[in-house]
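Heads up: the sequence shown begins at 5 in my numbering, then just goes up one per residue.
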Amino acid sequence: MKILLNILTHGDERIGLKVVREIQKLNIDKKILFVQVANKKAFKSKKRFIEQDLNRSFPGKKNGNYEERLAYKLSTTIKSVNLVLDIHSTRSELKDAIIVTKLDGETLKYVKAIQPKYVLVMNATKNNALISQAKIGIAFEYGKDNDPNVLKKIVQDIKRVFYYISLINVKLHKRKQITNYFNVISEIKKPRGYKLLKKIKNYKLVYKGEAFACRGDNYLIAEEDFYPILFGEKNYKNIFGFMGKKLESRKIF
Ligand SMILES: [Zn+2]
């Protein structure tokens with residue numbers, strides 16, 4: 005069993021460093037658990053990325069721009085391990101979300117061991133995310149970068165994963181919370197000058213025919229029912245976020 009704890013895919017998401025510090029206290033065999041700082045250059049430059057979002061650059065290019073070359077290089081390690089845990093933070097009010105690019109039987113077992121509040125199956129950016137290269141890839145998007153509670157939750161949930169595969173024997177209580185699964189199917193474009201209406205919140209259903217953004221008296225109307233996902237993330241310039249559809253649990257299990 006080889007696990008890759010990947011941090012700083014986005015150079016400005018320093019929470020990963022703190023997570024590593026906490027996880028190292030568990031003294032897990034270095035032949036089992038590897039730590040990888042994905043975008044060192046962006047981190048050192050105090051930037052999210054150098055030329056383009058690394059998490060949209062996979063599988064990468066041998067002779068591409070900086071992040072494309074980096075993605076190409078990192079793919080080898082990512083593909084070689086059994087499990088990749090990718091640590092992020094978010095400025096959106098997304099909160100407590102696990103992101104996966106597929107929900108096959110194996111991935112689902114890990115997700116169930118974590119019992120997160122939200123699981124987002126990212127189809128919208130499917131083949132370009134770092135975890136898309138992994139046998140089993142799980143990204144943590146639990147909240148703001150400098151929030152100590154976010155750090156605590158991520159560390160606790162990594163321990164849940166380690167407990168599930170018998171790497172540690174600290175028994176963690178089963179959670180009572182229900183996991184909500186969303187299929188994240190496409191980007192929602194943000195035309196120039198449009199602002200999101202205040203009532204629009206992540207995970208809160210927008211009905212077909214309902215307005216969700218405006219520019220003066222012009223409104224954008226939902227063409228179908230959808231759940232806003234990753235809305236309010238300030239790092240997106242041309243999109244509001246993503247369109248989510250709820251996955252009924254009877255279709256998953
Ligand atoms: Zn990130």
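Glycine included, C-beta positions come from ideal geometry on N, C-alpha and C.
message = Give me, in chain order, the residues of the same chain whose beta-carbon lies closer than 6 Å to that of Gly15; leave out the 5 immediate sequence neighbours on both sides.
response = Residue 15 sits at position 11 when you count from the first residue of the sequence shown. Non-local beta-carbon contacts of Gly15 in its own chain, meaning distances under 6 Å to residues more than five positions away in sequence, involve Asn43, Ala46, Phe47, Lys51, Arg52 in chain order.
key: CB contact flag (Glu72, Lys83, <8 Å)   = By 1-based counting over the sequence shown, the position of residue 72 is 68. By 1-based counting over the sequence shown, the position of residue 83 is 79. No, they are not a contact pair.
request  = Between the Cα of Asp229 and those of Tyr240, Asn242, Lys208, spot the shortest distance and give me the residue it belongs to.
outcome  = Indexing the sequence shown from 1 puts residue 229 at position 225. It is Lys208.
ask   = Around the C-beta of Thr80, are 16 or more other C-beta atoms found within 10 angstroms, so that it is buried, or is it exposed?
value = Within the sequence shown, residue 80 is the residue found at index 76, counting from 1. Label assigned to Thr80: exposed.
query = Comparing the CB of Asn59 with every heavy atom of ligand 1, is any distance shorter than 7 Å?
reply = Here residue 59 is taken as the residue at index 55 of the sequence shown, counted from 1. Ligand 1 has a heavy atom closer than 7 Å to the beta-carbon of Asn59.
Three-state class that DSSP yields for Ile54 in the structure shown = What you label residue 54 is simply residue 50 of the sequence shown in a count that begins at 1. Correct three-state label for Ile54: coil.
query = Roughly how many angstroms lie between the CA atoms of Ala261 and Val88, to the nearest whole one?
reply = Because residue 261 is not part of the residues shown, which for the chain are 5 to 257, the question remains open.
ask   = So what's Tyr198 in DSSP terms, helix, strand or just coil?
value = As a first step, residue 198 must be located in the sequence shown, where it is residue number 194. Assignment of Tyr198 by DSSP, reduced to helix, strand and coil, places it in the coil class.
ask   = What's the gap between the Cα of Ile225 and the Cα of Arg219?
value = By 1-based counting over the sequence shown, the position of residue 225 is 221. By 1-based counting over the sequence shown, the position of residue 219 is 215. Near 12 Å, if we compare the C-alpha coordinates of Arg219 and Ile225.
key: Segment limits, alpha helix (DSSP H) that includes Lys48   = Residue mapping note: residue 48 aligns to position 44 of the sequence shown, counting from 1. DSSP places Lys48 inside the alpha helix (DSSP H), whose first and last residues are 44-48.
request  = Please state whether DSSP places Phe166 in a helix, a strand or coil.
outcome  = Taking the sequence shown and counting its residues from 1, the one referred to as residue 166 is at position 162. Three-state result, Phe166: helix.
ask   = Is the distance from the Cβ of Ile142 to the Cβ of Glu110 below 8 Å?
value = In the sequence shown, counting from the first residue as 1, residue 142 sits at position 138. In the sequence shown, counting from the first residue as 1, residue 110 sits at position 106. Not in contact: Ile142 and Glu110 (Cβ atoms no closer than 8 Å).
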